[in-house]
Amino acid sequence: MRLDELLKQDKLTLSFEVFPPKSDTAFESVKYATEEIAKLRPSFMSVTYGAGGGTSKYTLEIAKNIKEQYGVPTLAHLTCVSSTKETVHERIQQMKEAGIENVMALRGDLTPELEKSDCGTWDYRHAVDLIHELKEEGFCIGGACYPEIHPESANQKEDILHLKEKVDAGCSFLTTQMFFDNNLLYNFLYKIREAGITVPIIPGIMPITNGNQVERSIKLSGSFMPQRFKRLVDKFGTSPAAMKQAGIAYATDQIIDLFANGITNVHVYSMNKPDVAEAIQRNLSDILG
Ligand code: FAD
Numbered sequence: 002m003r004l005d006e007l008l009k010q011d012k013l014t015l016s017f018e019v020f021p022p023k024s025d026t027a028f029e030s031v032k033y034a035t036e037e038i039a040k041l042r043p044s045f046m047s048v049t050y051g052a053g054g055g056t057s058k059y060t061l062e063i064a065k066n067i068k069e070q071y072g073v074p075t076l077a078h079l080t081c082v083s084s085t086k087e088t089v090h091e092r093i094q095q096m097k098e099a100g101i102e103n104v105m106a107l108r109g110d111l112t113p114e115l116e117k118s119d120c121g122t123w124d125y126r127h128a129v130d131l132i133h134e135l136k137e138e139g140f141c142i143g144g145a146c147y148p149e150i151h152p153e154s155a156n157q158k159e160d161i162l163h164l165k166e167k168v169d170a171g172c173s174f175l176t177t178q179m180f181f182d183n184n185l186l187y188n189f190l191y192k193i194r195e196a197g198i199t200v201p202i203i204p205g206i207m208p209i210t211n212g213n214q215v216e217r218s219i220k221l222s223g224s225f226m227p228q229r230f231k232r233l234v235d236k237f238g239t240s241p242a243a244m245k246q247a248g249i250a251y252a253t254d255q256i257i258d259l260f261a262n263g264i265t266n267v268h269v270y271s272m273n274k275p276d277v278a279e280a281i282q283r284n285l286s287d288i289l290g
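Heads up: the sequence shown runs through residues 2 to 290, numbered per the numbering used here.
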């Protein structure tokens, strides 16, 4: 199912994100985890793309499997930075052959090696370049957005101008970077609606279920940690079972607040953890209806 159609329905949606294995040997265990999440019948599942990695082929394989075996709509991610047109077009062709209808169009992160390289020779500079090409191929396209500003942006105004370019180029919806304070999302929504961005925004919620995950996640995303969240990590971060319970409760609380404030679609960064996805979905069972 195309997500632009799904998001038009007058219904709350809860979706989950999974990521492909980083090595061939991990494929079976990752496939198993993604299938366990698919059995929960979420509204849709997204499968990330390991930029530059040799296992990027698994994004497609996992997305196809979830869709065909479990009937769950899928969103396959694709990044373009430092890729050649030839590689990207090959992936697009493979996605079409696999019956993928929804693609999350991303630039990909600039690794320190990429930052040192000569970007003058790159075929793609920004996600918008990829969006133009995917649009021509008829895909339903999603893009990324950043309630706390993309780390490379000089200011939010500039970031939102570029976001508008992505929507004008063909994004039907936008999924946000993780955030731990819903007020940041509400402020962001106000600003992007003022800037004329009207497509559905899907807040991305990361359940922090492991004390060691905190530093890495915050470093990658640059997200602000509210005092309430910091206290929880300080108190329970060294006890795995307690941190998991507290992290699931915090994420559930964020999602309930979002739904209560008129948000209709929420995406959970479930990180290949079926137990976490299941617990959050169970906590929301009567709310989701
Ligand atoms: P862009 O939209 O290109 O934006 C990057 C920066 O460039 C921003 O500062 C923007 O303001 C600026 N910019 C945009 N267009 C222009 C322009 N025309 N001129 C000048 N400046 C411009 N990474 C992966 O490797 N694999 C994944 O599967 C993946 N999934 C993600 C899913 C979500 C929901 C999110 C939020 C991020 C994901 N990422 C993934 C990370 C993403 O690749 C990085 O955040 C990356 O740094 C930016 O990607 P983008 O598509 O937002 O880039």
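Cβ atoms here follow ideal geometry from the backbone N, Cα and C, with glycine treated the same way.
Between the options, which has its C-alpha nearest residue i's C-alpha?
{"i": "A99", "options": "T112, L131, A39, T75", "result": "T75"}
{"i": "A34", "options": "I67, T80, S218", "result": "I67"}
{"i": "Y187", "options": "P204, E137, T199, C172", "result": "P204"}
{"i": "S222", "options": "M207, G290, P241", "result": "M207"}
{"i": "N103", "options": "V82, G144, S118, E114", "result": "G144"}
{"i": "F180", "options": "T199, S218, V168, H78", "result": "S218"}
{"i": "K245", "options": "K40, G212, E166", "result": "G212"}
{"i": "V19", "options": "K167, S240, I249, K274", "result": "K274"}
{"i": "A39", "options": "Y50, P22, K65, K58", "result": "K65"}
{"i": "K158", "options": "L135, C172, R126, R194", "result": "R194"}
{"i": "P22", "options": "T49, Y147, Y191, L41", "result": "T49"}
{"i": "V73", "options": "A250, E166, P227, I101", "result": "I101"}
{"i": "Q214", "options": "V168, T239, V269", "result": "T239"}
{"i": "K231", "options": "A242, P241, E216", "result": "E216"}
{"i": "H151", "options": "A170, H127, S30, F28", "result": "H127"}
{"i": "I256", "options": "D235, N284, A247, D276", "result": "N284"}
{"i": "A300", "options": "P241, I63, A155", "result": "Any answer about residue 300 is impossible in this case: the structure gives the chain only from 2 up to 290."}
Report the three-state DSSP secondary structure of residue i (helix, strand or coil).
{"i": "S240", "result": "coil"}
{"i": "I257", "result": "helix"}
{"i": "F180", "result": "coil"}
{"i": "S173", "result": "strand"}
{"i": "N262", "result": "coil"}
Less than 9 Å between the C-beta atoms of residue i and residue j, yes or no?
{"i": "D182", "j": "F225", "result": "yes"}
{"i": "L233", "j": "I202", "result": "no"}
{"i": "I209", "j": "A261", "result": "no"}
{"i": "A278", "j": "S271", "result": "yes"}
{"i": "L15", "j": "S44", "result": "yes"}
{"i": "H78", "j": "T60", "result": "yes"}
{"i": "F189", "j": "E153", "result": "no"}
{"i": "L8", "j": "N266", "result": "yes"}
{"i": "S118", "j": "S84", "result": "no"}
{"i": "S173", "j": "I142", "result": "yes"}
{"i": "E178", "j": "C146", "result": "Checking the displayed sequence, the identity of residue 178 turns out to be Gln instead of Glu. Contact: yes."}
{"i": "R92", "j": "Y71", "result": "no"}
{"i": "E137", "j": "K97", "result": "no"}
{"i": "K281", "j": "V269", "result": "Per the sequence presented here, residue 281 reads as Ile, with Lys not at that position. Result yes, Cβ atoms of I281 and V269 sit closer than 9 Å."}
{"i": "K12", "j": "G248", "result": "no"}
Using 9 Å as the limit for Cβ to Cβ distance, is residue i near chain D?
{"i": "E29", "result": "Note that chain D does not occur in the displayed structure, where there is just one protein chain."}
- Message: To test your reading of the DSSP string, which unbroken beta strand (DSSP E) runs of 3 or more residues are found completely within the stretch 4-66?
- Response: Within the stretch 4-66, the complete beta strand (DSSP E) runs of at least 3 residues are 14-19, 46-48.
- Indicate whether the contact test is met: 3 or more Cβ pairs, each with one atom in the stretch 112-131 and one in the stretch 153-162, closer than 8 Å. Contact between the stretch 112-131 and the stretch 153-162 is absent, because fewer than three Cβ pairs lie under 8 Å.
- Task: Would you be able to state if there are at least three C-beta pairs under 8 Å between the stretch 100-111 and the stretch 124-139?
- Result: Contact holds: three or more Cβ-Cβ distances are below 8 Å.
- Task: Run through the stretch 73-123 for me and flag every whole beta strand (DSSP E) of 3 or more residues, listed as ranges in chain order.
- Result: For the stretch 73-123, whole beta strand (DSSP E) runs of length 3 or above, ordered along the chain, are 75-80, 103-107.
- Query: Got a list of residues with beta-carbon closer than 5 Å to any non-hydrogen atom of the ligand GTP, in chain order?
  - Reply: Of the ligands one can find in the structure shown, namely the ligand FAD, none is the ligand GTP.
- What beta strand (DSSP E) runs, 3 residues minimum, are completely inside the stretch 132-213? Those beta strand (DSSP E) runs which fall completely within the stretch 132-213 and span 3+ residues are 141-146, 172-177.
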